[in-house]
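A short write-up of the structure that comes next.
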Amino acid sequence: MKETIYWVDESPRIVKRRFQDMPKMKKIILAVMLFSTVISFTAPFLLT
Numbered sequence: 001m002k003e004t005i006y007w008v009d010e011s012p013r014i015v016k017r018r019f020q021d022m023p024k025m026k027k028i029i030l031a032v033m034l035f036s037t038v039i040s041f042t043a044p045f046l047l048t
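Okay, here's the thing in structure tokens:
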């Protein structure tokens with residue numbers, strides 16, 4: 001969880017490079033987490 005705190009301070013380019021260095025499994029988990037967050041924010045608007 002400590003990683004995400006550092007990410008905020010880093011430039012998007014560094015974050016992108018670090019994302020590419022990540023193992024595939026971690027990338028998938030991160031993508032799913034991001035996706036579910038977006039869904040939870042947009043779902044109320046889509047349902048109304």
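Residue numbers (UniProt numbering): 1 to 48. Note that beta-carbon positions come from the ideal geometry of N, C-alpha and C, so glycine has one too. No experiment lies behind these values; they were computed from the predicted model shown.
The criterion of a C-beta distance shorter than 8 Å is not satisfied by K27 and F35. In the displayed model, T42 falls within a helix according to three-state DSSP.
Distance from the CA of I39 to the CA of M25, rounded to the nearest whole angstrom, comes to 21 Å.
DSSP, reduced to helix, strand and coil, places M22 outside both helices and strands of the structure shown, so it counts as coil.
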